[in-house]
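Novice: Here it is, the structure in full.
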Amino acid sequence: MRNLKNLKSILFLFIAVGTALIFVSLKTTAQRLKPTLFYTVGHRGTRGLMPENTIQAMKKAIDLGCNTIEIDIHITKDGQVIVYHDNSFNPDYTLLPGGLEFKEEDRKKYTFYQMNYADIRKFVIGEKKYSSFPQQKQMACYTPLLSELIDSVETYTKTNKFPGVNYLIEIKSNPLTDGFEQPVPEVLADKMMAVITSKKISKRFIIQSFDIRPLKVMHQKYPKVPVGFLTGDRKVSMSENLSAMGFNPDFYNPYYGMVTPELIDSCHSKGMLIVPWTVNEMADMQQMKKLKVDGIITDYPNYFSDLLK
Numbered sequence: 001m002r003n004l005k006n007l008k009s010i011l012f013l014f015i016a017v018g019t020a021l022i023f024v025s026l027k028t029t030a031q032r033l034k035p036t037l038f039y040t041v042g043h044r045g046t047r048g049l050m051p052e053n054t055i056q057a058m059k060k061a062i063d064l065g066c067n068t069i070e071i072d073i074h075i076t077k078d079g080q081v082i083v084y085h086d087n088s089f090n091p092d093y094t095l096l097p098g099g100l101e102f103k104e105e106d107r108k109k110y111t112f113y114q115m116n117y118a119d120i121r122k123f124v125i126g127e128k129k130y131s132s133f134p135q136q137k138q139m140a141c142y143t144p145l146l147s148e149l150i151d152s153v154e155t156y157t158k159t160n161k162f163p164g165v166n167y168l169i170e171i172k173s174n175p176l177t178d179g180f181e182q183p184v185p186e187v188l189a190d191k192m193m194a195v196i197t198s199k200k201i202s203k204r205f206i207i208q209s210f211d212i213r214p215l216k217v218m219h220q221k222y223p224k225v226p227v228g229f230l231t232g233d234r235k236v237s238m239s240e241n242l243s244a245m246g247f248n249p250d251f252y253n254p255y256y257g258m259v260t261p262e263l264i265d266s267c268h269s270k271g272m273l274i275v276p277w278t279v280n281e282m283a284d285m286q287q288m289k290k291l292k293v294d295g296i297i298t299d300y301p302n303y304f305s306d307l308l309k
């Protein structure tokens, strides 16, 4: 009988400790994720107003009051981490060195993972009129290194007495193009993190991707770094995405047309923040805010001042 009582006591203690550990874990996660702000995210800086993913676009986003800037990264042939959306130069808004245009069918010649950065830097971004964004200012820019962009942004915020900005960094990768358009996810994540850790932004960056693989790498190798899963696929449910990941990311960032009150509640119940993309109309931004999302990603950060009045 005494042994039975001892066994019950040990079992009770085990359950109590386990419950406490789970509670502490959830509390820690909630504390890390509890938004102290509404994430006002400038998509590719200010794509609607300035050449995207350039230093100039980031500065404009900061001028407009964004507390977060969203950027995309790739790896070059010589191992540099650069900021650009596509895996190769887009002829819609990019010119060859010297200012010549090139055709869509020639894009594969200019895949970043097959080019050295010294050659990439010579291409001209933003001087060509971008018909998709008629309000975008025309000016000659270049593809920056991630390290250079961070340095420029940090200097700009300090010089102009802006608060430190958050970096929402999207890893661009695809399992079908490993080895040609990008290295394998672990190499990509390590190169990116080498740059980030060399800067003093340790609590001001979030890594996101449509590709689950680099997020798994981040979760395993850099567990303290917040990560977000991007999705635009209406055919795959959140539970299916989370099951494939094997863990709940810090952010679940869907296309804004997929956002419902139920999705928001489900995200919050699982300890995830939800910051939809890319919301470019004021009416849609107002609707997202009314639904109580945790932030908005937009090409037009100039709308935020009216939205947040």
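Residues in the sequence shown are numbered consecutively from 1, following UniProt numbering. Cβ coordinates follow ideal geometry from the N, Cα and C atoms, glycine included.
By how many angstroms is the C-alpha of residue 201 removed from the C-alpha of residue 214?
Specialist: Going from the Cα of residue 214 to the Cα of residue 201 covers about 20 angstroms.
Novice: Give every residue of the same chain whose Cβ lies closer than 8 angstroms to the Cβ of residue 44, excluding the five residues on either side of it in the sequence, and list them in chain order.
Specialist: Cβ within range, chain order: 52, 53, 57, 70, 71, 72, 85 and 299.
Novice: Thinking C-alpha only, which one of 244, 293 and 287 is nearest residue 263?
Specialist: The candidate whose alpha carbon is nearest that of residue 263 is 293.
Novice: Between the Cα of residue 122 and those of 130, 99 and 113, spot the shortest distance and give me the residue it belongs to.
Specialist: Checking every option, the nearest Cα to that of residue 122 belongs to 99.
Novice: Return helix, strand or coil for residue 268, following the three-state DSSP convention.
Specialist: Note: residue 268 maps to helix in three-state DSSP.
Novice: Of the choices 260, 142 and 189, whose alpha-carbon is the least far from that of residue 289?
Specialist: Residue 260 is the option with its Cα nearest to residue 289.
Novice: So what does DSSP say about residue 101, is it helix, strand or coil?
Specialist: Coil, per DSSP.
Novice: Counting along the chain, where does the beta strand (DSSP E) carrying residue 72 start and finish?
Specialist: Start and end: 68-75.
Novice: So for residue 263, helix, strand or coil by DSSP?
Specialist: Correct three-state label for residue 263: helix.
Novice: Buried or exposed, going by whether 16 or more other CB atoms sit within 10 Å of the CB of residue 279?
Specialist: Burial call: buried.
Novice: State the Cα-Cα distance for the pair residue 97 and residue 243, rounded to the nearest angstrom.
Specialist: The straight-line gap from Cα to Cα measures roughly 46 angstroms.
Novice: Could you check whether residue 227 and residue 253 sit closer than 8 angstroms to each other, using their CB atoms as the reference points?
Specialist: No, these two residues do not count as a Cβ contact at 8 angstroms.
Novice: Need the endpoints of the alpha helix (DSSP H) that residue 138 sits in, please.
Specialist: Unbroken run through residue 138: none, as it is neither H nor E.
Novice: For residue 237, is the classification buried or exposed, using 16 other Cβ atoms within 10 angstroms of its Cβ as the cut-off for buried?
Specialist: Exposed: under 16 other Cβ atoms inside 10 Å.
Novice: Using the Cα positions of residue 225 and residue 188, report the straight-line distance between them to the nearest angstrom.
Specialist: The straight-line gap from Cα to Cα measures roughly 15 angstroms.
Novice: Whether or not the region 202-213 and the region 159-172 are in contact is what I'm after, with contact meaning three or more pairs of Cβ atoms, one per stretch, closer than 8 angstroms; do they touch?
Specialist: Yes, they touch.
Novice: From the DSSP output, in three-state form, read off residue 23 for me.
Specialist: Low confidence applies to residue 23: its pLDDT is 39, below 50, so where it sits in the model is not reliable, and the reading given next is rough at best. Correct three-state label for residue 23: helix.
Novice: Where does residue 117 sit, in a helix, a strand or coil, going by DSSP?
Specialist: Correct three-state label for residue 117: helix.
Novice: If we ignore side chains and look at the alpha-carbon of each, how far apart do residue 148 and residue 140 end up?
Specialist: The alpha-carbon atoms of residue 148 and residue 140 are separated by roughly 17 angstroms.
Novice: How is residue 222 classed by DSSP in three states: helix, strand or coil?
Specialist: Correct three-state label for residue 222: coil.
Novice: Assuming residue 78 contacts residue 117 under a Cβ cut-off of 8 angstroms, what Cβ separation, rounded to an integer in Å, is found between them?
Specialist: That belief holds up - the Cβ atoms of residue 78 and residue 117 are roughly 6 angstroms apart, short of 8 angstroms.
Novice: According to DSSP, is residue 147 part of a helix, a strand, or is it coil?
Specialist: Residue state, collapsed to three classes: helix.
Novice: From residue 41 to residue 101, what distance separates their C-alpha atoms?
Specialist: Roughly 31 angstroms between the two C-alpha positions.
Novice: Just to confirm the assignment, what range does the alpha helix (DSSP H) spanning residue 207 have?
Specialist: From DSSP, residue 207 is part of no alpha helix (DSSP H) but of the beta strand (DSSP E) over 205-209.
Novice: Does residue 176 pass the burial test, meaning 16 or more other C-beta atoms within 10 Å, or should it be called exposed?
Specialist: Exposed.
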